[in-house]
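Student: Residue numbering for the sequence shown follows our numbering, starting at 61 and increasing by one per position.
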Amino acid sequence: MARAFHVIVERDEDGWYVGTVSELPGCHTQAKSLDQLRERVHEAIRAYIGPRKSVPKGIEFVGVHTIEV
């Protein structure tokens, strides 16, 4: 059964897109295009989950907030 994950996408100062899977601590990747990033995030999630096909519990994505200081 497929499961949806939340991916936070940022762009660094060199123009690389960085994708971080919020529910999987330490699961992230980067790419030069958004299409390539989507593929690499998919691969990173598969590698993180591995053959056990289970996802650790405890982290729940809530949302993104913008705060001005």
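Every residue, glycine too, gets a C-beta built ideally from N, C-alpha and C.
Model, not experiment: these values are computed from the prediction.
Please state whether DSSP places Gly86 in a helix, a strand or coil.
Tutor: If DSSP states are grouped into helix, strand and coil, Gly86 belongs with coil.
Student: Assign Val124 to one of three DSSP states: helix, strand, or coil.
Tutor: If DSSP states are grouped into helix, strand and coil, Val124 belongs with coil.
Student: Using C-beta distances below 6 Å, list every residue in its chain close to Cys87, excluding the 5 sequence neighbours before and after it, in chain order.
Tutor: If we look at Cys87 and ignore the five residues flanking it on each side, its Cβ neighbours are Val81, Ala104, Tyr108.
Student: Helix, strand or coil: how does DSSP classify Asp62 here?
Tutor: The question names Asp, but residue 62 is Ala in the sequence shown. Correct three-state label for Ala62: coil.
Student: Could you have a look at Gly79 and say whether DSSP puts it in helix, strand or coil?
Tutor: Looking at Gly79 - three-state DSSP - the assignment turns out to be strand.
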